[in-house]
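Here the working numbering runs 1300 ahead of the position in the sequence shown, where the first position is 1.
See below for the structure under consideration.
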Amino acid sequence: MDELVIARSMFGTTMAFHIIFATLGVGIPLMILISEIVYQRTNDLDYQVMAKRWTKAFAVLLGVGIPTGTIAGVQLSLLWPGFMEVIGRVMALPFQIEIYAFFIEALFMSIYVYAANRIAPWMRIVSLVLVCVGGLASAVLITNVHAFEGTPAGFEMINGEIRNVEPWKAFFNPSFFVTAGHVALSAYVVGSFTIASVSAFKMLRNPFGSRVYKFHQKSLMICLAVGGVFALLTALNGHESAQKLHEYQPEKLAAAEGLFETQDHAPLSIGGFTDRENQEVKWGIEVPWALSFLAGNSFDTEVIGLNDFPEEYWPPLFVHTLFNAMVGIGSLLIVIALGAFAWKKWLKKDRFPKWMMWVFVAGGPLSILAIEFGWIFACTGRQPWTIYRILSTEDSVTTTGNLAVLFGLFITIYAILAVSVVLVLLYYFKRNPPEKDIQKAEGKQKDIPLST
């Protein structure tokens, strides 16, 4: 197998695994913060119990996210020396600042875990706010490197040499704010819907109206409310992201929609697959003029087609399927949240039907799949470039051989880590069911120690 293919597969597998923990590491702290705020405002001990239980799960996930993130950093240096040469001279700033962001997250989470019973309520809120800020900043700073790859700025490549470096201009590259917003909003969607998925499953396993059922029902509703809001905001941000593609990476937008000919009033293709030979999207549903509006807020916006670019610059055409899957799941999550709200508030039903509960259960895994599809679309859609129109992926890769052996070893490590985190979470929460924490909270009417 070609070394370039192995290197891309190895790093892609690493990121596909790491992104689950990194995304939950941003999304879950926000839910902990919201639950803590609701508890302090209502004095409802259920929300305190939620916050403490979610914190324990977050600690386990963080324990896996740290080594997988370290592996990703090491692989960047080992597999992509050409890329890291540019990053080291132009875009090292996010990596340096990210270290401090992680320290903030770890420090204040430790304070919340071990000193929550010894500090004032407002200090607990401040600690969690700083945990959220640290986690979000860490994710945004690292993802900014990806934004830079798609919209490079702050340097010039002259005769193969890097000249006129401006680090802050590279940092605040044209897609920085849009990408940062998408990372933040989608992480909050995943964090909330993942917890909602667990809550819905637990509701199915417990008798309707029981104490534990009501506990998980509160968890489900608060997670669906938060997840629905952020899913809608993510969709709005996605519209702006498409406009950035239209402006800076037009062939990526064309591949995402299977558009071969440049045209105004361009249609949006939903579903189907891109047929390169016949230059069409087969079995797709076309929404007239919608792509032009998506690209420029006007139906007569001219959208550049793939045929205006050399074929060697075309991204893989399967990105159309990835894009549709990402958008489709995101839209479904909005519908799920709105459906739950309508059922509970508009129809005033106390109990969700079983089929709807299973839809809630599916929401968490689907949100994670959407993140995976989105990440693969973002990176694959930039091909054949590592840094768009400046450095090709082929020129970035290492010339060292024997990558297949390393690939196999890393796959083994990820398998062990995946099994371990599942077993640890199952073991811990089986030995510490919610009724145990609820009884302890109701009996003592004080905080549940996290350090036990």
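All C-beta atoms in this analysis are idealised placements derived from N, C-alpha and C, irrespective of residue type, glycine included.
From a predicted model like this one, the values you see are computed outputs, not experimental measurements.
Give the single residue among the options whose Cα lies nearest to the Cα of residue i.
i     : options                       : result
A1500 : V1465, I1328 and A1662        : A1662
Q1348 : P1421, L1304, L1407 and M1315 : P1421
D1695 : P1467, P1734, L1330 and G1460 : G1460
N1473 : T1443, V1512 and A1484        : T1443
A1307 : V1374, L1379 and W1354        : L1379
L1330 : I1738, S1427 and V1635        : S1427
F1311 : I1690, L1706, F1408 and F1593 : L1706
L1376 : T1313, N1732, S1667 and S1592 : T1313
I1320 : V1465, W1614, T1494 and L1632 : T1494
L1591 : L1553, P1653 and Q1739        : L1553
A1558 : F1530, N1537, Y1548 and L1622 : According to the sequence shown, residue 1558 is Gly rather than Ala. It is L1622 whose Cα lies nearest to the Cα of G1558.
R1651 : Y1400, Y1513 and H1539        : Y1513
K1352 : A1480, N1702 and M1409        : M1409
V1721 : D1346, D1344 and I1366        : I1366
E1577 : V1364, S1309, H1539 and E1611 : E1611
Whose C-beta lies closer than 7 angstroms to the C-beta of residue i among residues of the same chain, with five residues either side of it excluded?
i     : result
M1753 : Absent from the model: residue 1753. The displayed extent of the chain is 1301 to 1752, so no value can be given.
A1555 : L1606, W1614, P1615, L1617, V1619, H1620 and G1681
V1465 : R1389, V1390, G1454 and F1455
Mapping DSSP to helix, strand and coil, what is residue i?
i     : result
T1574 : strand
I1458 : strand
R1689 : coil
R1463 : strand
E1303 : helix
V1603 : strand
F1472 : coil
D1344 : coil
F1652 : coil
W1380 : coil
P1684 : coil
L1647 : coil
What do you get for residue i, buried or exposed, if any count of 16 or more other CB atoms within 10 angstroms of its CB means buried?
i     : result
F1508 : exposed
N1624 : buried
I1387 : buried
G1708 : exposed
Y1412 : buried
Y1400 : exposed
K1544 : buried
Near residue i, what residues of its chain come up, given a Cβ to Cβ distance below 6 angstroms and the 5 sequence neighbours on each side ignored?
i     : result
G1327 : A1487, Y1488, V1490 and G1491
D1302 : none
What residues are listed by DSSP as bridge partners for residue i?
i     : result
E1580 : D1575
I1585 : I1570
Q1563 : V1603
I'd like the list of long-range same chain contacts for residue i, defined as Cβ closer than 8 angstroms, with 5 residues on each side in sequence excluded.
i     : result
A1678 : H1446 and G1450
A1496 : S1519, L1520, C1523, L1524, G1527, F1660, G1663 and G1664
A1372 : F1311, T1314, M1315 and H1318
I1337 : I1425
V1719 : none
Y1688 : E1449, G1450, T1451, P1452, Y1548, Q1549 and R1682
For residue i, verify whether its CB is less than 7 angstroms away from any heavy atom of the ligand SAH.
i     : result
V1426 : Absence of the ligand SAH is noted for the structure shown, with no ligands found whatsoever.
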